[in-house]
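One structure is given here, and the rest of the page talks about it.
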Amino acid sequence: MKYTIGILLIGLWACQGLSAQEMNRTFPYHASLTGTSAPNNIVEQIKSGAPTGSNRYTRDGLQLTYDNTKKALSGFYLKDLEVPMNYAIEVDFEFATLDGKEYYGHYGDGISLFLFDANASFDLGSYGSGLGYAYNSSTGSRQAGLNGAYLGVSLDVYGDSRERMNSVNNKREGISGITFQREDSHITIRGGQHQNDRYKGYPVIYTQQTNWGNQSNANAATAKLDFNTGEYEEDSYAPSLPHLRTEYANTLRFYRFNFVYNPIHSEYDERGTMLQFYLRNDSGVIHGGNSEALFLQTEFRTKDENGSLYTFKGKNIDSYKIGIAGTTGDATETHLVKNVNVRLTHAPETKDKKVLLCLTDGGDDRTRWAKLEKPFDGSTFYVGDPGDPGRPKSGNTYNHIDFESVRLEDKYGYPLNYRTEEHTTTWSQIYDEPGVGEWDLTYNEFSATLYFTPANRIMEEGDYDVYISAKSVEKNDGSPFAYEDYRSRPTKITVQARHCKSVVNPSMPIRVVEEED
Numbered sequence: 014m015k016y017t018i019g020i021l022l023i024g025l026w027a028c029q030g031l032s033a034q035e036m037n038r039t040f041p042y043h044a045s046l047t048g049t050s051a052p053n054n055i056v057e058q059i060k061s062g063a064p065t066g067s068n069r070y071t072r073d074g075l076q077l078t079y080d081n082t083k084k085a086l087s088g089f090y091l092k093d094l095e096v097p098m099n100y101a102i103e104v105d106f107e108f109a110t111l112d113g114k115e116y117y118g119h120y121g122d123g124i125s126l127f128l129f130d131a132n133a134s135f136d137l138g139s140y141g142s143g144l145g146y147a148y149n150s151s152t153g154s155r156q157a158g159l160n161g162a163y164l165g166v167s168l169d170v171y172g173d174s175r176e177r178m179n180s181v182n183n184k185r186e187g188i189s190g191i192t193f194q195r196e197d198s199h200i201t202i203r204g205g206q207h208q209n210d211r212y213k214g215y216p217v218i219y220t221q222q223t224n225w226g227n228q229s230n231a232n233a234a235t236a237k238l239d240f241n242t243g244e245y246e247e248d249s250y251a252p253s254l255p256h257l258r259t260e261y262a263n264t265l266r267f268y269r270f271n272f273v274y275n276p277i278h279s280e281y282d283e284r285g286t287m288l289q290f291y292l293r294n295d296s297g298v299i300h301g302g303n304s305e306a307l308f309l310q311t312e313f314r315t316k317d318e319n320g321s322l323y324t325f326k327g328k329n330i331d332s333y334k335i336g337i338a339g340t341t342g343d344a345t346e347t348h349l350v351k352n353v354n355v356r357l358t359h360a361p362e363t364k365d366k367k368v369l370l371c372l373t374d375g376g377d378d379r380t381r382w383a384k385l386e387k388p389f390d391g392s393t394f395y396v397g398d399p400g401d402p403g404r405p406k407s408g409n410t411y412n413h414i415d416f417e418s419v420r421l422e423d424k425y426g427y428p429l430n431y432r433t434e435e436h437t438t439t440w441s442q443i444y445d446e447p448g449v450g451e452w453d454l455t456y457n458e459f460s461a462t463l464y465f466t467p468a469n470r471i472m473e474e475g476d477y478d479v480y481i482s483a484k485s486v487e488k489n490d491g492s493p494f495a496y497e498d499y500r501s502r503p504t505k506i507t508v509q510a511r512h513c514k515s516v517v518n519p520s521m522p523i524r525v526v527e528e529e530d
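508 is the number that my numbering gives to position 495 of the sequence shown; each next residue is one higher, with no gaps.
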């Protein structure tokens, strides 16, 4: 079976929040990297010339290179996170590039984000224009590419990581013979290593300058690989993105880079992945961008460092690790990274609910009860393909939600100590909260209903919370949405116990008012 990767590149930046990582959820995952000691949630490789100790671990972020040390390299991967290939994820991190010394008018070299085989030992690629990802097979500075490399994205400040090189000091595959409107500040995507050879492959499949591309200019602004011929298709247009050199007027500024990985795995003869990237500066001003779509197969035609056409064969892997590296060459600068986040795209989107429970005056509140039908009403659960074409279908009916997966939880996502009762057509999860009351989550394959009954004859006014979650229904199409990692966040249901002004007949079920946060 052939595997394909579709790439959609969109340039824009904006402000976006991220909810805190739940303790009993793998995602969202967060690594701040802003402490003054070595983080325990990453595995590092620190090559010669890179910062260590207090110079490396700062409150401004993890410093990957010094501003004045040439040919330095260091990087890391997220130790506790292994992502299956069919998961749809978004990775983002903040980065800063500042200070340093120019080489032929440019600072450098840059930062790379990469995915590599989870079963491979961690070993970075070449420094300088290799950006810790690609190889360098030259006789003067021979260095292997990233071990187990699957995909790499370069934030290339200097601008030469896209190039094919064949000299005494630099030799690797890439683009040759194309003049760009702007040579520095490129975002470049490379494929993985060729089979098990760390000195072959890592082909450039797309590059885009951050400077606005003028269509009336004869030179290129973007280039993408034609997988049949090994040649590159040029385009003179590119959206305007911020320059990857973030320092301005001697001021430390952080940009945020987002990368989205959406696999296609059903209904098509060729599986693959849609990729997107977003670049956002510190102002939060949104700039629209264009899109370029292409498909990458695990086998395609490309050219080696000598310009000879060959058939590239990438690695087929089951899961991957996520890493970041920073490097200098003859040009230098400080590279800082912090606040790395990994979240699932197309994860369920649920809404917290509030239910009013009217208390009695002088009566027995144990005869009162609150009922919330359709607790996931207004929520969104996904089924089908997360990639494009074939975006997943969404909804909150039994066609989307596996109601038999519903669960009573605490706010951290851990199951409560409930008992399960089986009825003729339904099941019930019943949790007795001491001094508060009984929570009863009753469900079948088509729907769910939550009941609450006070424990005491006289209940105090207040807000009483429980949390619920669910997964998407299993479609047996290879999609990951029914997996436990895709379980919805702990969704808060609040019973607001109040002495109501209206008179309520105690023999009738209580009227429920539902609110959405």
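Each residue gets a CB set at the ideal place from its N, CA and C atoms; glycine is no exception.
Which listed residue (the options) has its alpha carbon closest to that of residue i
i: M98; options: Y42, D331, E446; result: D331
i: A51; options: N37, S61, K60, T71; result: T71
i: A495; options: A109, A360, S392, L164; result: A360
i: F272; options: L265, L126, E57; result: L126
i: D498; options: R356, D173, F129; result: R356
i: K505; options: K364, R175, A147, E246; result: K364
i: G327; options: W452, D377, I218; result: I218
i: A133; options: T235, K366, G158; result: G158
i: Y120; options: L322, S482, K406, E260; result: E260
i: S485; options: S418, T455, F267, S441; result: S418
i: R502; options: D317, K424, E446; result: K424
i: I202; options: S174, R211, N209; result: S174
i: S87; options: Y212, V56, V96; result: V56
i: V104; options: V166, T65, N54, G118; result: V166
Close beta carbons around residue i, own chain, < 8 Å, minus the five adjacent residues each side
i: V449; result: P467, A468, Y477
i: Q34; result: Reliability of the predicted coordinates at Q34 is poor, the pLDDT of 48 falling under 50, and the value obtained from them is presented with this limitation in mind. Excluding positions up to five away in sequence, the list reads F40, P41, Y42, H43.
i: A231; result: S249
i: D73; result: T47, A109, L265, L349, K351
Spatial neighbours of residue i in its chain, beta-carbon cut-off 7 Å, leaving aside the 5 residues before and after
i: D343; result: K83, Y116
i: N227; result: Q194, S249
i: T45; result: This sequence places Ser at residue 45; Thr is not what is there. Correct list, in chain order: K351, N352.
i: H256; result: S198, T223
i: K184; result: N149, S150, S151, M178, E318
i: N37; result: Y425, G426, Y427
Cutoff 6 Å; reference residue i; Cβ partners in own chain excluding five residues on either side
i: S189; result: R177
i: G62; result: T82, A85
i: N303; result: In this predicted model, N303 has a pLDDT of only 40, less than 50, meaning its place in the structure is not dependable; the value taken from the coordinates is given anyway. Same-chain partners within the cutoff: P252.
i: G143; result: N149
i: V508; result: V368, L370, A383, F465, Y477
i: T315; result: P216, G243, F325
i: S407; result: T393, Y395
i: L168; result: G123, I124, L257
Helix, strand or coil at residue i according to DSSP, with G and I counted as helix
i: R132; result: Looking at the sequence provided, one finds Asn at residue 132 rather than Arg. Three-state result, N132: coil.
i: W382; result: coil
i: G204; result: strand
i: Y499; result: helix
i: G141; result: helix
i: I335; result: strand
i: V273; result: strand
i: S532; result: Only positions 14 to 530 of the chain appear in this structure, which leaves residue 532 out of reach.
i: H256; result: coil
i: M98; result: coil
i: W440; result: strand
i: P293; result: Residue identity differs from the one stated: residue 293 is Arg in this sequence, not Pro. Note: R293 maps to strand in three-state DSSP.
i: G342; result: coil
i: Q228; result: coil
i: R72; result: coil
i: R432; result: strand
i: N489; result: coil
Limits of the alpha helix (DSSP H) - the one that residue i falls within
i: S67; result: 66-69
For residue i, the first and last residue of its enclosing beta strand (DSSP E)
i: C371; result: 366-372
i: A57; result: The question names Ala, but residue 57 is Glu in the sequence shown. 55-59 is the span of the beta strand (DSSP E), which, as asked, contains E57.
i: V508; result: 504-512
i: N352; result: 347-357
i: I471; result: Counting along the chain, I471 falls outside any beta strand (DSSP E), and DSSP gives it neither H nor E.
i: H43; result: 42-44
i: D415; result: 414-422
i: G214; result: 210-214
i: D248; result: 245-248
i: D453; result: 450-456
i: A162; result: 162-169
beta-carbon residue i near the ligand NAP non-hydrogen atom, thresh 8 Å
i: T264; result: Judged by which ligands are present, the structure shown has none, so any question about the ligand NAP falls away.
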